[in-house]
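There are 2 protein chains.
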Amino acid sequence: MPPTTARARARAEITAEITALAKEQLATVGAAGLSLRAVARELGMASSAVYRYFPSRDDLLTRLIIDGYDSLGEAAERADDPAAPPVTRWLGVCRAVRRWAREHPHEYALLYGSPVPGYRAPRDTVPAAIRVGAVLGRVLGDAARAGLLPPATGRATGALSPDVTPVLGGEHPALDDAVRARALLAWSSVFGTISFELFGHFTGASADPDAFFDDAMRDLAGLVGLRDA
Amino acid sequence: MPPTTARARARAEITAEITALAKEQLATVGAAGLSLRAVARELGMASSAVYRYFPSRDDLLTRLIIDGYDSLGEAAERADDPAAPPVTRWLGVCRAVRRWAREHPHEYALLYGSPVPGYRAPRDTVPAAIRVGAVLGRVLGDAARAGLLPPATGRATGALSPDVTPVLGGEHPALDDAVRARALLAWSSVFGTISFELFGHFTGASADPDAFFDDAMRDLAGLVGLRDA
DNA sequence: CACATCCGAGAGCAGTGCTCTCCCTGAGGT
DNA sequence: ACCTCAGGGAGAGCACTGCTCTCGGATGTG
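So the sequence lines, in the order shown, correspond to chains A and B. My numbering puts the first sequence at residues 1 to 229. My numbering puts the second sequence at residues 1001 to 1229.
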């Protein structure tokens, strides 16, 4: 259902122009430097006019955040080859995430860095945010179903909410809370390593960042119990 | 050598007052909301006068960053009981870091969140930043020297810079690059987990965050080869 | 005492997010 | 065909920011 009325068409178009320009500005000056007035200026319209499309700067940011999650999620999905063995898949997805992060550092910082001041992520961002995690979760679930996961230890700690089950591989005898908890740990670890690298906490620590990252991701795969063949 | 001249005394005092007030403001409104003018106002002085003490807002931030690293580092050091077994020590330090992070969320975000826009951390922050890592490194080194680490695998990938050796346990036959790399991974994972929790990426995922964190940290300890007894 | 330095205050510049008011255009209903 | 009324643009304005510059007064040093 493309917007039939000319008004709606124009509105959608201008909204897209604004977000595109904002994304450009985000990529160059970062989230904190993103200025509504600047995009308006560059777009040749009064700053007040932009408010017809985005009620506030935070709403623009929310748009960018959602788009960012989607862009990252898509990159992860595209990088995943369901036919490949588990560890290979895991590594491939991790590499894709890292690659995306290095190509879009400001966007990455917006997603996984400090929350924007006084800004609470609205619920709308959740579905997009889950996409990346879901890819890793699928790798885990597929491995379980292929019998490539060690038997569950049964050390269910009750630390996890049942809500995460579907996104972390789904139900399977080899997937108990302990495994899922380790998957969650691995997930946050992936972003921890990437963040550390991107935000400069590793500067001077690794001589070969690519090799270090690959080794680390393989270790994480091993932590959650993934193995090939 | 306390500053004898009254001028220097007053200067140090006012500098301290400014940082204290800035820290307060940081704790309430966050780094992005930190306003030099507000500090000046609350201090009863003209905004321009503050610039006599801090050439720019970023310099104030640098001060807060260094203090933050030191505060966190001290918390970690105080939490470490060198007499305890390795995993206990590891867990204790991790818990202290998490505790500090939860008590100082904005300060934590300033240290480990997105880098401040257009702001490059000066070299001064490095020594303070290393303190936390050094505590974990010491736990690793002590474990190695106590013979509580599995023998090195010898899978030296050359991914690490030799600069990290001293801070990651020092020289020891049980500490090769593979172990150190895993320690570095564990380090970033600790902060990845805490960041995810603090920045809301775990919301709804863990029913018992404390238990989840402890389990995760224990898993990480196992990953680097730590074990008790 | 004289000189130099330090340091506070005020005005001012350029920029920000956001609001309010005014006005015109275009779409929908009668 | 007309009238109405929402949609959307422009401009002025408010309160705020970081930062600079200039002007005096206080303070320490030769």
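Quick reminder that beta carbons are idealized off the backbone N, C-alpha and C, glycines included. Note that the coordinates shown come from a computational prediction; the quantities given were computed from them, not determined experimentally.
If you look at A/L64, you'll find it in the alpha helix (DSSP H) that goes R57 to A79.
The beta carbon of A/R182 sits closer than 7 Å to some beta carbon of chain B. Taking 7 Å as the cut-off, the Cβ atoms of A/V164 and B/A1079 do not count as close.
Minimum Cα-Cα distance from A/R98 among the listed residues A/G73, A/P86 and A/A83 corresponds to A/G73.
Leaving aside the five residues that flank B/L1060 on each side, the residues in its chain whose CB is nearer than 6 Å to its CB run, in chain order, A1022 and F1054.
At a cut-off of 7 Å between C-beta atoms, B/P1127 does not count as an interface residue with respect to chain A. With a 10 Å radius around the Cβ and a threshold of 16 neighbouring Cβ atoms, A/A8 comes out exposed. Going by DSSP, B/R1009 is part of the alpha helix (DSSP H) stretching over A1006 to V1029. In summary, A/R138 is buried, with 16 or more beta-carbon neighbours lying within 10 Å of its beta-carbon over all protein chains present.
Only those residues of the region 1158 to 1190 of chain B whose C-beta falls short of 7 Å from the nearest C-beta of chain A are listed: G1158, A1159, L1160, S1161, D1163, V1164, A1181, R1182, L1184, L1185, S1188 and S1189. Taking the Cα positions, B/W1100 is about 19 Å away from B/D1215.
Identification of chain B residues near A/L223 by a Cβ-Cβ cut-off of 8 Å yields D1219 and L1223, ordered along the chain.
The C-beta of B/G1068 comes no closer than 7 Å to any C-beta of chain A. A residue is called buried once 16 or more other Cβ atoms fall within 10 Å of its Cβ, and A/E197 is buried on that count. Closest option to A/R145, judged by alpha-carbon separation, among A/T157, A/E171, A/A12 and A/Y108: A/E171. According to the DSSP assignment, B/F1196 belongs to the alpha helix (DSSP H) that extends over D1177 to L1198. By the neighbour-count criterion, in which a residue is buried when 16 or more other Cβ atoms sit within 10 angstroms of its Cβ, A/P86 is buried.
What B/A1205 touches in chain A, judged by beta-carbon distance under 8 Å, is L160, S161, D163, V164 and L184, going in chain order.
Within chain A, the residues Y112, S188, F191, G192 and S195 have their CB atoms less than 8 Å from the CB of B/S1195, given in chain order. In the three-state DSSP reduction, B/L1160 falls in the strand class (E or B). Annotation: B/T1153 is outside any alpha helix (DSSP H) and is labelled neither H nor E by DSSP.
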